[in-house]
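First the structure, in the form of structure tokens, and then the observations on it.
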Amino acid sequence: MSLTQVFLGLGSNIEREAHLCAGLEALAGFLVDIRCSAVFESQPVGIKSGPFFNFVVAAYTDLPLMELDRRLKFIEADNGRYAPDRKGLPLDIDVLLYGEQVGNFDGLILPRAEILKNAFVLWPLSLIAPDRIHPGVGKSFATLWDESQIDQVLAPVAFEWRGVPLTPLELLSGL
């Protein structure tokens with residue numbers, strides 16, 4: 002069976018490290034060759050809450066798009082996303098890109114519009130896949146980041162998964 006490259010955006014503003022690591026562990030159960038961008042702290046966009054940790058995952062899957070999306074919703078639910086008494090967003094996982102797919106797939110619009118709107122999506126994408134071309138715009142993520150004028154402040158944060166630091170020291174030291 003052939004594999005499709007996917008890019009996922011992950012974010013959390015409640016017990017951020019625990020929920021993001023739980024999300025990564027769940028993803029590791031059905032994705033291949035997982036690579037993670039640096040992790041950034043950002044202020045919330047569109048909701049009133051505490052700051053988020055956000056990053057992007059690149060991986061490969063043999064799952065059809067809608068099955069992948071369904072599994073992501075289960076992972077979110079397992080982490081309390083849909084609990085009636087939740088006070089924030091424990092875990093959010095969005096499909097940003099699925100191969101070169103462009104269009105509306107049962108309400109899932111690809112590539113995800115947030116790529117071009119939110120620094121906490123575009124900057125990590127530009128780091129993990131700088132030469133990858135945005136299938137809707139025709140420019141690389143590095144170029145899109147360089148040209149962006151998104152007014153959001155991001156701060157790289159130290160973060161580990163399975164004992165491996167995700168954020169490079171040069172980002173943490175501000176070089």
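Per the numbering used here, residue 2 is the first one in the sequence shown, and the count goes up by one each step.
Think of the CB as a built atom: it goes at the ideal place given N, C-alpha and C, for glycine as much as any other residue.
Do you know whose CA, among the options, lies nearest residue i's CA?
i: residue 158; options: 90, 164, 148, 41; result: 41
i: residue 112; options: 136, 130, 22; result: 136
i: residue 5; options: 66, 151, 146; result: 66
i: residue 38; options: 49, 30, 25; result: 25
i: residue 88; options: 173, 134, 68, 51; result: 51
i: residue 118; options: 23, 30, 141, 145; result: 145
i: residue 156; options: 147, 142, 148, 173; result: 173
i: residue 100; options: 47, 46, 133, 124; result: 133
i: residue 130; options: 139, 138, 143; result: 143
i: residue 19; options: 138, 53, 104, 71; result: 53
i: residue 139; options: 124, 22, 103; result: 103
Let me confirm a value: residue i is counted as buried when at least 16 other C-beta atoms fall within 10 Å, else exposed. Which label applies?
i: residue 32; result: buried
i: residue 1; result: The question about residue 1 has no answer here: the residues shown for the chain are numbered 2 through 176.
i: residue 27; result: buried
i: residue 76; result: buried
i: residue 30; result: exposed
i: residue 163; result: exposed
i: residue 71; result: exposed
i: residue 176; result: In this prediction, residue 176 has a pLDDT of 46, which is less than 50 and means its spatial position is unreliable; nothing more can be read from the coordinates.
Write down the C-beta distance between residue i and residue j rounded to the nearest angstrom, noting that I regard them as a contact closer than 8 Å.
i: residue 57; j: residue 106; result: Not confirmed; about 20 Å, so no contact.
i: residue 109; j: residue 116; result: The Cβ separation is near 14 Å, so there is no contact.
i: residue 35; j: residue 60; result: 5 Å
i: residue 43; j: residue 90; result: Going by Cβ atoms, the distance from residue 43 to residue 90 rounds to 12 Å, so no, they are not a contact pair.
Less than 7 Å between the C-beta atoms of residue i and residue j, yes or no?
i: residue 165; j: residue 10; result: no
i: residue 64; j: residue 80; result: no
i: residue 167; j: residue 160; result: yes
i: residue 150; j: residue 120; result: no
i: residue 73; j: residue 62; result: no
Which of helix, strand or coil does DSSP assign to residue i?
i: residue 168; result: coil
i: residue 120; result: helix
i: residue 1; result: Nothing can be reported for residue 1: it is not among the residues displayed for the chain, which extend from 2 to 176.
i: residue 56; result: strand
i: residue 7; result: strand
i: residue 16; result: coil
i: residue 157; result: strand
i: residue 148; result: helix
i: residue 92; result: coil
i: residue 176; result: Unreliable positioning characterises residue 176 in this predicted model, as indicated by a pLDDT of 46, which lies under 50. A coordinate reading is not provided.
i: residue 104; result: strand
i: residue 1; result: Because residue 1 is not part of the residues shown, which for the chain are 2 to 176, the question remains open.
i: residue 141; result: strand
i: residue 31; result: coil
Going by the C-beta, is residue i closer than 6 Å to any heavy atom of the ligand MN?
i: residue 168; result: The ligand MN is not among the ligands present in this structure, which contains no ligands whatsoever.
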